[in-house]
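> What follows is a single structure, and I will ask about it in a moment.
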């Protein structure tokens, strides 16, 4: 495993982040603008005791990483727009069967085939609601090549700790950008591995969450034989027709994420303490927004930046603490207001909301956001 | 007398299959074949998709996963690549494997990963109530084929052989002992092995085709299945509406993982 300073592409940084986190299986399918992740891991995985496979389609790629994780190996897939749509059913399976795995979506402009090489942030809601049915969700939004690395490590850690798929919502700009990054030596960043059962196999109830809400699932082949199904199931893992049991288990799955907001949700708060105006932005747009803050401050306008690294669960608490402090929040995003609606819900009229939106596959510039600041 | 009990999850019985369904016979064959191989239950994993056939793993005491519709082969691919020590069996029905899962099926044949696929072919979508599948024979009835099956049907064994499977066999639930032996031969084969087992569905296929009794479905198998040796002596006219059973195709070829680990310089750490 490489370490130290490197000049690296964002997609490569995800691949190295995965390796650092202990990922040893990648199942993928080629799609712009995420393909470099697969290419890098096809080279690196066998050198690190892992295996790579290019599956026949996006659906199979998602299925293969769930299978590998069930057999005990940390697993990754990477895709973009249309491929992310195709993976949704199996993402739901991973939620339901509580299988840890990480799914990268390097966002491109849609809908449909859209602008395959153009940047976008229009899968915010697909990440949350893409698969059918109520389900838990963790999604991560890195904004620098360094964060592509470190947030991938964090994504694996959250996935293993909470036994749920974690989605990395990158975008074409961060994915293809090259920046200097520093890769620490092994052991510097924490790496979390899933808990394993310690009880005798005869007492084992795979979906019984003894301590907290996260079940302790055995890996296939380690002596705890059990059943996994996408059907609603009870604590033994076998299907149930009881709506009451189905509800109880699903509420537990939701609670295992919601009750751990403070552990899961991370937001970079830049010069927000005294800010009259706070810009809310993720990914590539957060980079422009930081410039806007600096320029506005030099003009004497008190502007700050809220840059979520976790977008799901939505950072409600981080936003709500500025109600009564900041007067305006400007949400800047490369879609038609997917984040704006959530910020409006979280603030419930407590802060005036303005929005800067773009869907032409061009980045939102610092000047555009500054214009909005001047309008306040 | 063979004792199935140590392989069954007795608390999960009775199973959901209808009286006269062939899937229970296949389950017995599967258990006997695993027993004959001496596989440990802990080192055996079974994956299935969605449908009547795919409920089988819930009843047998192995590492079992009931996946999404059509995708079990892709799940199993991940399982095998992550832990090659596991004996991996994939099973499902004709709709699961040859319709919604058709893409995974042909690519698994091409890849030659060392695992065994059992296609439990009852020529119909049973769980949803009798709609035609890709293996419903031309002209036969189904709830969505009220005027008879219009489309041409797959010959599953020919399909998988054409796609590159290195072991292809067909059995029926009527020829239960032969079917068990075929599954065992498939397990012994190093590479991707496919066993198609013709199974009766009196409830949903039979009722639409004047074979509403379990024995009647079995008689149909008796009258249409032909041992391979005899099949090879038959002319085209004689072969009409019949199909060969036995080990139909076998080829020695290095399996995927052996090739991968050699070519990619895989190092276990």
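Chains as they are written, first to last, in the working numbering: chain A, 449 to 824; chain B, 239 to 507.
Quick reminder that beta carbons are idealized off the backbone N, C-alpha and C, glycines included.
#1: At which residue ranges does the segment 602-681 of chain A contain complete alpha helix (DSSP H) runs of 4 or more residues, listed in the order of the chain?
#2: Note down the Cα distance separating residue 486 of chain A from residue 476 of chain A, rounded to an integer number of angstroms.
#3: At the level of alpha carbons, what is the spacing between residue 417 of chain B and residue 492 of chain A?
#4: Less than 8 Å separating the beta-carbons of residue 461 of chain A and residue 555 of chain A?
#5: Hey, could you find the ends of the beta strand (DSSP E) residue 499 of chain A is sitting in?
#6: With H, G and I counted as helix, E and B as strand and the rest as coil, what does DSSP make of residue 275 of chain B?
#7: Please classify residue 541 of chain A: does DSSP put it in a helix, a strand, or coil?
#8: Do you know how far the Cα of residue 742 of chain A is from the Cα of residue 821 of chain A?
#9: Write down the C-beta distance between residue 305 of chain B and residue 511 of chain A rounded to the nearest angstrom, noting that I regard them as a contact closer than 8 Å.
#10: To the nearest whole angstrom, what separates the beta carbons of residue 675 of chain A and residue 296 of chain B, a pair I think is in contact under 8 Å?
#11: Tell me the residue span of the beta strand (DSSP E) that contains residue 803 of chain A.
#12: Out of curiosity, what's the CA-to-CA distance linking residue 444 of chain B and residue 265 of chain B?
#13: Looking at C-alpha atoms only, which residue of B:491, B:506, B:425 and B:468 is the closest neighbour of residue 273 of chain B?
#14: Need the endpoints of the alpha helix (DSSP H) that residue 709 of chain A sits in, please.
#15: Between residue 330 of chain B and the rest of its own chain, which residues show a CB-CB distance below 6 Å, the 5 nearest in sequence each way excluded?
#16: Residue 507 of chain A: which of B:248, B:322 and B:316 sits nearest, CA to CA?
#17: Of all the CB atoms in chain B, is at least one closer than 8 Å to the CB of residue 668 of chain A?
#18: Please check if any C-beta of chain A sits within less than 8 Å of the C-beta of residue 342 of chain B.
#19: One question on the structure: do residue 527 of chain A and residue 552 of chain A come within less than 8 Å of each other, judged by their Cβ atoms?
#20: Once you ignore the five residues that flank residue 458 of chain B on each side, which residues in its own chain have a CB closer than 8 Å to its CB?
#21: Nearest to residue 559 of chain A by CA position, among A:574, A:473, A:640 and A:505, is which residue?
#22: Cα separation between residue 504 of chain B and residue 451 of chain A?
#23: Residues in the segment 302-324 of chain B with C-beta within 7 Å of chain A's C-beta atoms, listed in sequence order?
#24: Using DSSP bridges, identify the partner residues of residue 816 of chain A.
#25: Compare the C-alpha of residue 564 of chain A against each of A:481, A:494, A:549 and A:764 and name the closest.
#26: Could you tell me the boundaries of the alpha helix (DSSP H) in which residue 416 of chain B lies?
Answer, in terms of the structure:
#1: 620-624
#2: 6 Å
#3: 43 Å
#4: Result no, Cβ atoms of residue 461 of chain A and residue 555 of chain A do not sit closer than 8 Å.
#5: 499-502
#6: helix
#7: The three-state secondary structure of residue 541 of chain A, taken from DSSP, is helix.
#8: 12 Å
#9: 7 Å
#10: 6 Å
#11: 800-805
#12: 21 Å
#13: B:425
#14: 709-712
#15: 286, 287, 291, 292 and 310
#16: Of the listed residues, the one whose Cα sits closest to residue 507 of chain A is B:316.
#17: yes
#18: yes
#19: yes
#20: 438 and 449
#21: A:574
#22: Between residue 504 of chain B and residue 451 of chain A, the C-alpha separation is close to 21 Å.
#23: 302, 303, 304, 305, 306, 309, 312, 313, 314, 315, 316, 317, 319, 320, 321, 323 and 324
#24: Paired residues: none, contrary to the question.
#25: A:481
#26: Segment 414-426, the alpha helix (DSSP H) holding residue 416 of chain B.
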